[in-house]
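First comes the structure, then the notes that go with it.
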Amino acid sequence: MMGQDGPRGPDARVLEALGTGAYLTDEQGLIIAVNTRGEQLLARPTAGLVGQDAHDLLHRTSHGERVPRSRCRLRESLLGGRTQQGEDEWFERGDGTLLPVGWLGTPYDIGIRRPATLFLFHPTGGPGPPAQHPPAGGRLSELERLALLAETTTLLTSTLDIHEALRRLISLVVPRIADWTVIDLIGDRDEVWRFAVAHAEDGTVAFREDLQGPMPPIPQESPMPLSRALRGVASSFAGPETYQGPPDSGIAVEQRRLFEATGMHSAIVVPLRSLHSVMGALTLGRADQPERFTAAETALLEDIARRASLALENARLYQRQRQVAETMQRHLLPKLPRAPGRSMTARYLPAPDASHVGGDWYDAFTLTDGATALAVGDVVGHDLEAAAGMAQLRNMLRAYAVSQQKPPSKIVEWLDQATLHIAEVSMATLVFARMSEHADGRCELSWTNAGHPPPLLVTHEGVARYLTDGHGILLGVTPEQARPDATAELPPGATLLLYTDGLIESPGHTLDEGLERLRRHAAALSRRPLEAFTDELLARARPPNNDDDVALLAVRYVPGQSPDTAVVANL
């Protein structure tokens, strides 16, 4: 009796000719065929067997309870792809009674690329309860397994960095469970990258970089363990003998090289599979530990892989969210104008954490009277909402400043009203300034500050001071309040620095400490060319544990200099 997709012809006759019960399962353990003797012994018709999971349907303890997958010796035979046999197992018949059986499981070629396993069984009929076998395999106690799973969940879900999550995964299983860990990841366009080949060495984890890197494409029909795992099919045991025959794909060639280089004698390959896709495969191997992997350890590793896959999917989604916000931010930031007598450059550094990307911005544009408008600000909030609010705020500021010949304070007062009635911005900080040259050659800066860190003015001689005048409350708090203006003269060669708080704030340090650090480094770099000044200042002054994005606008007054090309760097 054969299933619709099962073997036919000579294979069907072979099963019927067997003098004992027999059924075939596919690579996932689903029954695809059963012979007449098997139907009789199990008291189940073909229709009640084909398509069912053999383990769930049949495998029982002597008390009629379902055998845990981690301790099922028949399932171990299915996963191992090699011939195994046993006694004193129990099948549940269609009438609810239990059938004690002896069994043999072996790989079986049914003439298609998909692998199958043939199970032969016969009733033992021995009196009394079955002999007690020790739990199948496993070097960890049940308590240790539970502790490992809890540790896996804690460590992997506490980071949103993919590489860090994978490094933590390696440290969890090497050398506690395996001597070697191999992680293959599926990237864009289904390309496979061997992210890590790691092993225990003198109490630490070492990496074989020569075995890491790009991998051949995933073969769609290959029955080999890694190929199946990368398609999300099932877990499989593997060993050096698995890849001794003629290779059926480039991946098989790489796997043979892997086993030869590492000396692994036993391995298990588990899919890294999320709810939405296959993310890769986890291979654990033993070279120094003499035990072979068992079905009990397969269940544990599949559980670890599920937890790892969830953490990886969360990390990938988080990174995509960051990339969207960062890309939007970059496209919204402007090109700098070219103006006589002044050089300009700007930098934008995204936050390492996606949740902090989106609110920082700068702007510079030429006004109708020839003055240069300068602005830097920070919208309260993060991510796409903050990036969108930043764009609204910047565009309204440009419209007010270009259309109205008013002091900076008045422009920002109108902008403050707009945050309440027009823009989708709750609160924001801002410095807005006008930089203009008088007929006598003097360069004057006028500005107003809405709750933002003060601008820094650095002379060519290295005297650096903060422009603390003109300070008012941030935008969106009391829109009816009048705002102050302040003015200062810029000497030739001086550099004006407008920046956001990511350049001066860091956990464990006061704001005054951050301001002083920035001032001292800026003074030391005052004679550097503007590009070098800006890059070196970021490298020196930005706190190493900064978790916020940074926007920075630097303007140098150089009388008589023709307009140069302003440079913007998004790092």
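Counting from 252, one number per residue, gives the positions in the sequence shown under our numbering. Here a beta-carbon is modelled for each residue, glycine too, at the ideal position from N, C-alpha and C.
First and last residue of the uninterrupted beta strand (DSSP E) at residue i
| i | result |
| --- | --- |
| Gly628 | Thr623 to Val630 |
| Gln336 | Gln335 to Glu343 |
| Ser422 | Taken as a continuous stretch (DSSP letters only), Ser422 belongs to no beta strand (DSSP E), being part of the alpha helix (DSSP H) at Ile413 to Val424. |
| Asp277 | Gly272 to Asp277 |
| Pro374 | Ala367 to Pro374 |
| Ile469 | That residue, Ile469, is in no beta strand (DSSP E); it is neither H nor E in DSSP. |
| Gly353 | Leu349 to Tyr359 |
| Ala590 | Note, Ala590: premise wrong, no beta strand (DSSP E); not H, not E. |
| His450 | Val443 to Glu452 |
CA-to-CA distance, residue j to residue i, given in whole angstroms
| i | j | result |
| --- | --- | --- |
| His384 | Arg396 | Unreliable placement is indicated for His384, whose pLDDT of 33 sits below 50; the coordinate value is still reported in the next sentence. The straight-line gap from Cα to Cα measures roughly 20 Å. |
| Gly610 | Met678 | 11 Å |
| Ala737 | Ile434 | 60 Å |
| Gln812 | Leu749 | 22 Å |
| Glu402 | Leu420 | 10 Å |
| Glu511 | Leu309 | 39 Å |
| Pro319 | Asp752 | 57 Å |
| Leu349 | Leu293 | 9 Å |
| Gly280 | Leu754 | 58 Å |
| Thr619 | Thr670 | 25 Å |
| Gly388 | Asp430 | Here Gly388 scores only 35 on pLDDT, less than 50, and its place in the model should not be relied on; the value that follows carries that caveat. Rounded to whole angstroms, Gly388 to Asp430 spans 17 Å at the Cα level. |
| Glu472 | Asp499 | 9 Å |
| Asp691 | Trp698 | 21 Å |
| His527 | Ser560 | 10 Å |
| Ser409 | Arg507 | 36 Å |
| Ala615 | Leu741 | 17 Å |
| Pro810 | Gln668 | 37 Å |
| Leu369 | Glu415 | 43 Å |
| Val425 | Thr545 | 17 Å |
Range covered by the alpha helix (DSSP H) that runs through residue i
| i | result |
| --- | --- |
| Leu314 | Residue identity differs from the one stated: residue 314 is His in this sequence, not Leu. Premise fails: His314 is in no alpha helix (DSSP H) and is neither H nor E. |
| Val301 | Premise fails: Val301 is in no alpha helix (DSSP H) and is neither H nor E. |
| Glu767 | Leu762 to Ala775 |
| Ser478 | Pro476 to Leu481 |
| Ser660 | Pro659 to His672 |
| Phe488 | From DSSP, Phe488 is part of no alpha helix (DSSP H) but of the beta strand (DSSP E) over Ser487 to Ala489. |
| Ser328 | Arg324 to Gly331 |
| Gly501 | Gly501 to Thr513 |
| Gly289 | Thr287 to Leu293 |
| Thr785 | Leu781 to Ala792 |
Nearest-angstrom beta carbon gap, residue j and residue i [assumed within contact, 8 Å]
| i | j | result |
| --- | --- | --- |
| Leu552 | Ile519 | 6 Å |
| Thr549 | Ser486 | 6 Å |
| Leu523 | Gly536 | Contact flag wrong, Cβ pair sits at about 16 Å. |
| Ala745 | Thr785 | Contact doesn't hold; Cβ gap of about 15 Å is too wide. |
| Leu726 | Leu804 | Contact doesn't hold; Cβ gap of about 18 Å is too wide. |
| Leu407 | Ala562 | 4 Å |
| Ala566 | Asp412 | 6 Å |
| Ser660 | Arg734 | 4 Å |
| Leu417 | Phe458 | Their Cβ separation, rounded to whole angstroms, is 11 Å, which puts Leu417 and Phe458 out of contact at 8 Å. |
Residues of its chain near residue i, where Cβ-Cβ distance is below 6 Å and the 5 sequence neighbours each way are ignored
| i | result |
| --- | --- |
| Pro381 | For Pro381, the predicted model reports a pLDDT of 37, less than 50, meaning its position is unreliable and no value from the coordinates is stated. |
| Leu266 | Ala273 and Asn286 |
| Gly501 | Pro467 |
| Leu355 | Gln336 and Leu371 |
| Glu452 | none |
| His703 | Thr680, Leu681 and Val682 |
Own chain partners of residue i with C-beta closer than 7 Å, once the 5 adjacent residues on each side are dropped
| i | result |
| --- | --- |
| Glu688 | Gly592 and Cys694 |
| Ile437 | Val443, Leu481, Val529, Met530 and Gly531 |
| Ala538 | Asp430, Trp431, Thr513, Gly514, Met515 and His516 |
| Pro658 | Ser697 and Asp736 |
Residues of its chain near residue i, where Cβ-Cβ distance is below 8 Å and the 5 sequence neighbours each way are ignored
| i | result |
| --- | --- |
| Val484 | Glu278, Gln279 and Pro522 |
Secondary structure, beta strand (DSSP E): runs of 3+ residues fully inside the segment 507–556: 517–524 and 529–537
Taking only runs of the beta strand (DSSP E) that begin and end inside the segment 695–745, which ones reach a length of at least 3 residues, in chain order? 707–709, 715–717 and 737–741
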